[in-house]
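What follows is one structure encoded as C-alpha cells, with my remarks underneath.
Residue numbers (the working numbering): 1411 to 1641.
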C-alpha cells in the first residue's frame, strides 16, 4: 500500500507541475488543479499510514506528510469556496476529515465533521466517521491514562521511600480516580505493576494510607475483572 501510494504521489506532483504552465485563472484549470491536490494529499497520507491496533506512534515522516496534506487541502477548500463549487468543497472536507483522524487531531476532526453534516446531513457515511472519532478519542484517553499511571507510580515510589504519608494519600487518590473512571487499561496497569507499589504504601503503618491503598487495590481487581469479561 505504501509503495503504491508513494508512486501515485510522484505522479500527482508531476501533473501539478505541468498544470502550472496553463492559465491559472481558467475555471476548468482551477478545478483540475484542486482535484490533483486532493489526490496528492490522499496519496501522501496513505504513504505512511499505520494500520491495526498495534500500529505504534506516527513517525516524523508521517507527521510531515500529514502536515503537507492538510496544507494542500486548505488550498483546495479555499478554491472550492471561491468557485462556489459545493461538490469540490464537500469532497475536500471529507478528505480533510480522514487526514485529521489519521493525525489524531480530535478537535479539528469534530469541527470538520460539523461542517460536513451542515452541508449534507443525509450522508450516512458521516455517522461512521462520527463513530471513528469517538473510538479514537477513547483510545487516546486510554493512552494518556497509561502515561499518567506510570507517572503516578514513580511519584508513589518516591513518597513511600520518603515515608511521606500526605503525598502518598494524594497519589493514591489520583490513582483511585483514574481506575474508577476507567481512564486506563488493565494491560497498562498489569505491565507497570503499580499494584506492588500500592501494596508498599499499605505497609507504611498509617491507617488512613492503608485504607486508601485498599480502595485502589479493589479498583485494580475490578479493572482486571472487567477486562476478563471483555467490558
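By construction, the Cβ of each residue, glycine as well, lies at the ideal position given by its N, Cα and C atoms.
Item to complete: Indicate whether residue 1476 and residue 1512 have their beta-carbon atoms separated by less than 9 Å.
Response: yes
Discussion item. Between the stretch 1443-1460 and the stretch 1484-1504, can you find at least three pairs of beta-carbon atoms closer than 8 Å?
Written reply: yes
Worksheet item: Does the stretch 1552-1561 come close enough to the stretch 1583-1600 to have 3 or more Cβ pairs within less than 8 Å?
Response: yes
Practice prompt. State yes or no: is the C-beta of residue 1633 within less than 9 Å of the C-beta of residue 1599?
Written response: yes
Practice prompt. Just the C-alpha distance for residue 1541 and residue 1575, rounded to the nearest angstrom, thanks.
Written response: 44 Å
Worksheet item: When you compare only the Cα positions, how much space is there between residue 1430 and residue 1543?
Response: 37 Å
Worksheet item: Quick one: what does DSSP say residue 1577 is sitting in, helix, strand or coil?
Response: helix
Practice prompt. Taking 8 Å as the threshold, find out whether the stretch 1616-1626 comes into contact with the stretch 1575-1584 through three or more Cβ pairs.
Written response: yes
Practice prompt. Kindly indicate which three-state DSSP category residue 1416 falls into: helix, strand or coil?
Written response: helix
Fill in: Sequence-distant residues of the same chain with beta carbon closer than 7 Å to residue 1641, five excluded per side
Confidence at residue 1641 is low in this model, with a pLDDT of 48, below 50, so the placement of that residue is unreliable and no value is reported for it.
Worksheet item: How should residue 1521 be labelled, buried or exposed, when 16 other C-beta atoms within 10 angstroms of its C-beta is the threshold for buried?
Response: exposed
Fill in: Continuous alpha helix (DSSP H) stretch holding residue 1548: start and end
1535-1571
Item to complete: Would you please state the rounded distance, in angstroms, between the beta carbons of residue 1454 and residue 1478? I believe it to be under 8 Å.
Response: 6 Å
Discussion item. Can you look up residue 1585 in the DSSP assignment and give me helix, strand or coil?
Written reply: helix
Fill in: With 16 other Cβ atoms within 10 Å as the buried cut-off, status of residue 1566
buried
Discussion item. Which runs of the alpha helix (DSSP H) at least 4 residues long sit entirely within the stretch 1466-1524? Give them in chain order.
Written reply: 1470-1492 and 1496-1512
Item to complete: Measure the beta-carbon distance from residue 1603 to residue 1552 and round it to whole angstroms, keeping in mind my assumption that it falls under 8 Å.
Response: Going by Cβ atoms, the distance from residue 1603 to residue 1552 rounds to 18 Å, so no, they are not a contact pair.
Worksheet item: Going by the CB atoms, is the gap between residue 1493 and residue 1437 shorter than 9 Å?
Response: yes
Worksheet item: Would you report the Cα separation of residue 1440 and residue 1564, rounded to the nearest angstrom?
Response: 57 Å
Fill in: Nearest residue (CA-CA) to residue 1444, options 1488, 1596 and 1515
1488
Worksheet item: Is it right to say residue 1414 is buried, meaning 16 or more other beta carbons lie within 10 angstroms of its own, or is it exposed?
Response: exposed
Worksheet entry | residue 1605 vs residue 1627 beta-carbon contact at 9 Å | yes
Discussion item. So the candidates are 1422, 1523 and 1459; which of them puts its Cα closest to the Cα of residue 1506?
Written reply: 1523
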